[in-house]
Amino acid sequence: MARDINTKKLKKNAFRYSKVRGETASRIRIPGGVINAKSMAKIAEVAEQYGNGTIFVTNRQGVELPGIKLEDMDAVNKAIQSIIDDSGVNQEERDKGYPASGTRNVVACPGQRLCPFGCYDTTALARKMDKMIFPNHLHVKIAFTGCSNDCGKVRMDDFGFIGMTEPQYDPNRCVGCEQCIKYCNIRSVGALSLVNGKVVRDTQKCIGCGVCVAYCPTRAWTRSKEHYFRVVIMGRTGKKNPRLAEDFVKWADEESIFKMVENAYAYVEEYIDPNALEGKEHIGYIVDRTGFDEFVKWIMKDVHLNDKAEVASRVYWGGKHYDRSNDLK
Numbered sequence: 075m076a077r078d079i080n081t082k083k084l085k086k087n088a089f090r091y092s093k094v095r096g097e098t099a100s101r102i103r104i105p106g107g108v109i110n111a112k113s114m115a116k117i118a119e120v121a122e123q124y125g126n127g128t129i130f131v132t133n134r135q136g137v138e139l140p141g142i143k144l145e146d147m148d149a150v151n152k153a154i155q156s157i158i159d160d161s162g163v164n165q166e167e168r169d170k171g172y173p174a175s176g177t178r179n180v181v182a183c184p185g186q187r188l189c190p191f192g193c194y195d196t197t198a199l200a201r202k203m204d205k206m207i208f209p210n211h212l213h214v215k216i217a218f219t220g221c222s223n224d225c226g227k228v229r230m231d232d233f234g235f236i237g238m239t240e241p242q243y244d245p246n247r248c249v250g251c252e253q254c255i256k257y258c259n260i261r262s263v264g265a266l267s268l269v270n271g272k273v274v275r276d277t278q279k280c281i282g283c284g285v286c287v288a289y290c291p292t293r294a295w296t297r298s299k300e301h302y303f304r305v306v307i308m309g310r311t312g313k314k315n316p317r318l319a320e321d322f323v324k325w326a327d328e329e330s331i332f333k334m335v336e337n338a339y340a341y342v343e344e345y346i347d348p349n350a351l352e353g354k355e356h357i358g359y360i361v362d363r364t365g366f367d368e369f370v371k372w373i374m375k376d377v378h379l380n381d382k383a384e385v386a387s388r389v390y391w392g393g394k395h396y397d398r399s400n401d402l403k
């Protein structure tokens, strides 16, 4: 039997329109990629009761429940309410599911909760960011990673926040074993050297990764109390010009990065193409169209950076330009 389905409404309610006639998939939003075991069990229950019994784990740390009948969408929205509560996701109305899907799930690596290299609590900041930006229909991708290893692959996102620490050195605890120098050379950028029996850090070379802290056996190196971030911008996949995000600000503070993102949404609202397909235009292409200087004017409005922060005067993106040539040369 033919069905008159409002696909736009379906997508905005975080259901995926399926190639299987009469079916859809529920998209579960999990900011920071962490939920409790009870919610995971509920996801399995909903998948069994309303879906085809399978669960797809997305690359943005959410899950999708395929095989849901279109007529069961309302029941599914009610069934997943406890999962939404656990994830702390904003809603417009309870038992109605997610009110938007444009702004993608905020991704985070395990961060300081689990990883010895993590410079901050990535999950907490991902959830805080999601609280600020969701619900929203604008197509924006944001990710957090705890250190320069970038396990969160944030350079594939519109905004990526890489954790930084300003290593604190206590010469009285240092025994001159040179472990920090060894591992900084092997695993990082070689910013440390031994001078007169004490370690010297090249502040221009240091990327704030915290490798020295992780490998110091005497705790002569510790992390700074302040949390800092390297802000990388406008990474993307796609059919036209996939590219990695490039560095925009380093040694930014938490308040500043949240203000930048808030400003970015205002910038998109101002410059999004009114004729964009389904009302969506990727922010990276808007930046390409308006120019970097205009983007910076908007994004840095009322942003008060700390004295350590540095801002790129210009950002150049490369990537693969399928829109210019499909050659393998």
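Here the sequence shown is numbered in this note's numbering, starting from 75 and rising by one per residue. Positions of the beta carbon are idealized from the N, C-alpha and C atoms, including for glycine.
Does DSSP put residue i in a helix, a strand or coil?
| i | result |
| --- | --- |
| residue 327 | coil |
| residue 82 | helix |
| residue 338 | helix |
| residue 135 | coil |
| residue 372 | helix |
| residue 146 | helix |
| residue 130 | strand |
| residue 156 | helix |
| residue 272 | strand |
| residue 266 | strand |
| residue 104 | coil |
| residue 216 | strand |
| residue 90 | strand |
| residue 358 | helix |
| residue 115 | helix |
| residue 75 | Only weak support exists for where residue 75 lies, its pLDDT of 43 falling under 50; the coordinates are left without a value. |
| residue 365 | coil |
| residue 226 | coil |
| residue 141 | strand |
| residue 99 | strand |
| residue 166 | coil |
| residue 377 | coil |
| residue 389 | coil |
Apart from the five residues just before and just after residue i, which ones in its own chain have a Cβ nearer than 7 Å to its Cβ?
| i | result |
| --- | --- |
| residue 313 | 396 |
| residue 263 | 279, 281 |
| residue 247 | 292, 293, 294 |
| residue 215 | 178, 231, 232 |
| residue 222 | 236, 281, 283 |
| residue 134 | 178, 179, 181 |
| residue 170 | 151 |
| residue 373 | 334, 337, 338, 341 |
| residue 212 | 176, 177, 339, 342 |
| residue 265 | 258, 275, 276, 279, 280 |
| residue 116 | 156, 157 |
Rounded to the nearest angstrom, how far is the Cβ of residue i from that of residue j, given a contact under 8 Å?
| i | j | result |
| --- | --- | --- |
| residue 287 | residue 275 | Contact doesn't hold; Cβ gap of about 12 Å is too wide. |
| residue 220 | residue 191 | 6 Å |
| residue 164 | residue 218 | Actually they do not touch by this definition, with Cβ atoms about 18 Å apart. |
| residue 86 | residue 175 | 6 Å |
| residue 160 | residue 102 | At roughly 11 Å, the Cβ-Cβ gap does not stay under 8 Å, so residue 160 and residue 102 are not in contact. |
| residue 238 | residue 193 | 6 Å |
Is it the case that the Cβ atoms of residue i and residue j are separated by a distance below 9 Å?
| i | j | result |
| --- | --- | --- |
| residue 106 | residue 231 | no |
| residue 120 | residue 92 | no |
| residue 331 | residue 320 | no |
| residue 156 | residue 202 | no |
| residue 317 | residue 393 | yes |
| residue 425 | residue 363 | A question about residue 425 goes unanswered here, because the residues of the chain that appear run from 75 up to 403. |
| residue 322 | residue 305 | yes |
| residue 142 | residue 150 | yes |
| residue 325 | residue 359 | no |
| residue 153 | residue 124 | yes |
| residue 328 | residue 240 | no |
| residue 144 | residue 197 | no |
| residue 252 | residue 273 | yes |
| residue 129 | residue 118 | yes |
| residue 366 | residue 389 | yes |
| residue 138 | residue 168 | no |
Tell me which residues share the same chain as residue i and place their Cβ nearer than 6 Å to its Cβ, disregarding the 5 neighbours each side in the sequence.
| i | result |
| --- | --- |
| residue 261 | 285 |
| residue 309 | 229, 230, 231, 318, 319 |
| residue 369 | 361 |
| residue 146 | 124 |
| residue 245 | 272 |
| residue 183 | 196, 219, 220, 225, 226 |
| residue 131 | 137 |
Could you name the residues of the same chain whose beta carbon sits closer than 8 Å to that of residue i, not counting the 5 residues immediately before and after it, in chain order?
| i | result |
| --- | --- |
| residue 376 | 333, 337 |
| residue 76 | Low per-residue confidence applies at residue 76: pLDDT is 47, beneath 50, and the placement is therefore not dependable enough to give any value. |
| residue 210 | 174, 176, 177, 339 |
At what residue ranges does the region 172-209 contain a whole run of the beta strand (DSSP E), taking only runs of 3 or more?
none
Completely contained alpha helix (DSSP H) runs for the region 235-318, where each covers 4 or more residues:
253-261, 285-289
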